[in-house]
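Asker:
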Amino acid sequence: MRLPGTPRTRALAMLLGGRAAFRGTVLLSNLALLAVWGAGEYEDYAQAMGSMMFLAPLASIGIEKCALKLIPRLRHTVASLVGVFVTLCALLLSVALAVLATTVSLGHSGHWAIAGLAGLYAICVGLTQVMVGLSRALGRPKRDVAAHLTLCVALVCWTGAAFVFEVSPVTFLALTVTTMATLNVVLLLMLRPRFDGLRRRTLVRAAVRTSLLMAIPDLVGGLSMSLLFVVLRVTGARAESTGLYMASVASALLLNAFSYLLRVLQPDVSRSLNQRDLTATYDRLARWLRLLVLVGVLYVPAVLAVALLVLRPYGGIGVVVVYAACVPVIFAVGSANYVMENASAGALAATSVGAAISLVAVGALAFSIVPWAGALGAVTVLAFGELVHALVILRWLRTLERPVSHILIGERK
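Written out as structure tokens, the structure reads:
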């Protein structure tokens, strides 16, 4: 029997096509906006958007991944669990707005309008992923496709307005945020959540704890990228923000498509890992991570050295090339993290700790490398952070002396 959240082949193609169309539109829109606004005005836009990236995962805190993990394992409490997720999303929205207000007031003097709107944009992105993720988990993938196609049309319209009516970055962001906020309200109303699950402490505890743990890697990714934009600004390399932001947007065509595919397939993977002994899986994962770390500690410094010698004169194009060169490392660690967060409770906690430690490593490396290597160094810092994450996972796997229980968070016998 096919359970909710498991897409058919045609639905999977539609989901990937809708997301690919959206990411492609975002990339083309940014190229067009750079041509319209010029390097100076777009630099302010890129700096604001990049420094606020961490708010997208903060506004969702793993709710989408948690829903795709837990809902397929339940039979009689799905509607109640959706209500718990919606309530958690509302609480996180309040937190994200408070963080945004604090960030704008402390760190963006004179640029509060564009910084505030960039933060609202990131928050709306996080909320949209929660709404479409819940829809997919409930077996309604067409809403996901319709939502992203709607955003495509809106981006085309507002980018066209920038061309025809010389719309400023602030106005462009205001129009985009209004569109996304309206879309999120429509998606929420279509979910029709029930809130009786809030009275069930076990259900609430499982949803909250799992969401928080599954959110840490995504939140770390957003914080790492935002931190790099801050370091560029404080070290006098603000002009390189455009190249780094363009690289992150371009990489989204690959990285986000890859992570989105993993999310779409997550219900099946979650059920599969819930029904098997994980010893062999952990053994294969450990062998893969050992190879990755051994190759990565040589590969990433080599990429940085070649980039500084060859690609520095090419500006933003060189940053995009370096980002593409680091994609295999990011893909590999992302895949390992995906297995860990859908495996046992201990594995989920271990990969969350690894992500947190990688953020510390990114911070230390950013202030050591970015001042002299600029945006090229910033990209490789992200790859170094992924290798640190892999090392922590590998250390945890090595401590396993016997088969680990695969009783998962939220599972009820």
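Residues in the sequence shown are numbered from 3 upward in steps of one, following my numbering.
The beta carbon of each residue, even a glycine, is placed where N, CA and C say it ideally should be.
#1: Go ahead and pull the three-state DSSP assignment for Ser62.
#2: Which of the three DSSP states, helix, strand or coil, is assigned to Pro195?
#3: In its own chain, which residues sit with a C-beta less than 6 Å from the C-beta of Val127, not counting the 5 before and 5 after it?
#4: Tell me which residue opens and which closes the alpha helix (DSSP H) that Gly317 is part of.
#5: Whole angstroms is fine: what's the gap from Val302's alpha carbon to Val335's?
#6: Between which residues of its own chain and Leu350 is the CB-CB distance below 6 Å, once the five residues before and five after are set aside?
#7: What ranges does the alpha helix (DSSP H) occupy inside the segment 136 to 180, keeping only unbroken runs of at least 4 residues that lie completely in it?
#8: How should Glu168 be labelled, buried or exposed, when 16 other C-beta atoms within 10 angstroms of its C-beta is the threshold for buried?
#9: Is Ser226 near Leu94, with beta carbons less than 8 Å apart?
#10: Once you ignore the five residues that flank Gly412 on each side, which residues in its own chain have a CB closer than 6 Å to its CB?
#11: Is it a yes or a no for the segment 356 to 363 touching the segment 288 to 299, going by three-plus beta-carbon pairs under 8 Å?
#12: Leu399 lies in the alpha helix (DSSP H); which residues open and close that run?
#13: Note down the Cα distance separating Pro171 from Arg400, rounded to an integer number of angstroms.
#14: Given a cut-off of 8 Å, decide if His150 and Leu23 are closer than it, judged by their beta-carbon atoms.
#15: Assuming contact is defined by CB atoms lying nearer than 8 Å, are Ala1 and Trp398 in contact in what I supplied?
#16: Could you pull out every residue in the same chain whose Cβ sits closer than 7 Å to the Cβ of Gly317, ignoring the five residues on either side in sequence?
#17: Alpha carbon to alpha carbon, what distance is there between Leu60 and Ala100?
#18: Take Gly40 as the anchor and find which of Asp279, Val322, Ala241 has the nearest alpha-carbon.
#19: Let me know if Leu108 comes out buried or exposed under the rule of 16 or more other beta-carbons within 10 Å of its beta-carbon.
#20: Only counting the same chain, and skipping five residues up and downstream in sequence, which positions put a Cβ closer than 7 Å to that of Tyr44?
#21: Is Val251 closer than 8 Å to Leu389 when the C-beta atoms are compared?
#22: Quick one: Cα of Gly7 to Cα of Val381, how far?
#23: Looking at the secondary structure, which residues open and close the alpha helix (DSSP H) in which Ala218 lies?
#24: Considering only the alpha carbon of each residue, which of Tyr47, Phe231, Ala347, Leu129 lies closest to Pro373?
#25: Please say whether Gly135 and Val69 have beta carbons closer to each other than 8 Å?
#26: Which residues in the same chain as Ala375 place their Cβ atom closer than 7 Å to its Cβ, once the five residues preceding and following it in sequence are excluded?
#27: On a Cα-Cα basis, can you pick out the residue from Leu153, Arg286, Val210, Gly52 that is closest to Gly223?
#28: Leaving out five residues on either side along the sequence, give the residues of the same chain with a beta carbon under 6 Å from the beta carbon of Ile125.
#29: Determine, using beta carbons only, whether Asp46 and Ile116 come nearer to each other than 8 Å.
#30: Could you check what DSSP says for Leu90 in three-state terms: helix, strand or coil?
#31: Suppose the cutoff is 7 Å on Cβ atoms and the five residues either side in sequence are ignored; what does the same chain contact list for Gly320 look like?
#32: Whole angstroms is fine: what's the gap from Cys328's alpha carbon to Val355's?
#33: Starting from Met51, trace the alpha helix (DSSP H) in both directions and tell me its first and last residue.
#34: Using 8 Å as the Cβ pair cut-off and three pairs as the minimum, do the segment 10 to 20 and the segment 175 to 182 touch?
#35: For Thr89 and Val147, what's the separation of their Cα atoms in angstroms?
#36: According to DSSP, is Asp279 helix, strand or coil?
Answerer: From the atom records:
#1: Taken through DSSP and simplified to helix, strand or coil, Ser62 comes out as helix.
#2: The answer is coil: DSSP assigns Pro195 none of H, G, I, E or B.
#3: For Val127, the CB contacts under 6 Å within the same chain, skipping 5 residues up- and downstream, are Ala58 in chain order.
#4: It is not in any alpha helix (DSSP H) - Gly317 carries neither H nor E in the DSSP assignment.
#5: Approximately 14 Å between the Cα atoms of the pair.
#6: Around Leu350: Leu215, Glu343.
#7: With a minimum length of 4 residues, the continuous alpha helix (DSSP H) runs that stay inside the segment 136 to 180 are 143 to 167.
#8: Classification of Glu168: exposed, given that the 10 Å Cβ count is below 16.
#9: Leu94 is positioned such that its CB atom lies no closer than 8 Å to that of Ser226.
#10: Unreliable positioning characterises Gly412 in this predicted model, as indicated by a pLDDT of 44, which lies under 50. The coordinate reading is nonetheless provided below. So the list reads Leu72, Ala208, Thr212, once near-sequence residues are dropped.
#11: For the pair of segments examined, the segment 356 to 363 was found not to touch the segment 288 to 299: the number of CB pairs separated by less than 8 Å stays below three.
#12: Looking at the DSSP string, the run of the alpha helix (DSSP H) that includes Leu399 is 347 to 400.
#13: Distance between the alpha carbons of Pro171 and Arg400 is about 50 Å.
#14: Here the sequence assigns Ala to residue 23, which means Leu is not the residue at that position. In this structure, Ala23 places its C-beta atom within 8 Å of the C-beta atom of His150.
#15: Shown here, the chain extends from 3 to 415; a query on residue 1 therefore has no answer.
#16: Around Gly317: Gly245.
#17: Taking the straight line joining both Cα atoms gives about 11 Å.
#18: Of the listed residues, the one whose Cα sits closest to Gly40 is Ala241.
#19: Result: exposed.
#20: Result list for Tyr44: Leu35, Leu36, Thr244, in chain order.
#21: No, the pair does not count as a contact, with Cβ atoms beyond the cut-off.
#22: Only weak support exists for where Gly7 lies, its pLDDT of 46 falling under 50; the coordinates are left without a value.
#23: It should be noted that the sequence gives Ile, not Ala, for residue 218. Ile218 -> alpha helix (DSSP H) spans 203 to 236.
#24: Residue nearest to Pro373 within the set Tyr47, Phe231, Ala347, Leu129 is Phe231 (criterion: CA-CA distance).
#25: For clarity, residue 69 is Ala in the given sequence; the question names Val instead. One thing to note: Ala69 has its Cβ within 8 Å of the Cβ of Gly135.
#26: Once the five neighbours on either side are set aside, the close Cβ partners of Ala375 are Leu306, Leu310.
#27: It is Gly52.
#28: Same-chain partners within the cutoff: Leu57, Ala61, Ala98.
#29: Their beta carbons are under 8 Å apart, which means Asp46 touches Ile116 by this criterion.
#30: In this structure, Leu90 counts as helix in the three-state DSSP scheme.
#31: Contacts found: Ala309, Leu313, Arg314, Leu378.
#32: Straight-line Cα distance between these residues: approximately 23 Å.
#33: Per DSSP, the unbroken alpha helix (DSSP H) holding Met51 starts and ends at 11 to 53.
#34: The answer is no - the segment 175 to 182 does not touch the segment 10 to 20, with fewer than three Cβ pairs under 8 Å.
#35: Thr89 and Val147: Cα-Cα distance of roughly 24 Å.
#36: In the three-state reduction of the DSSP assignment, Asp279 falls in the coil class, being assigned neither a helical nor a strand state.
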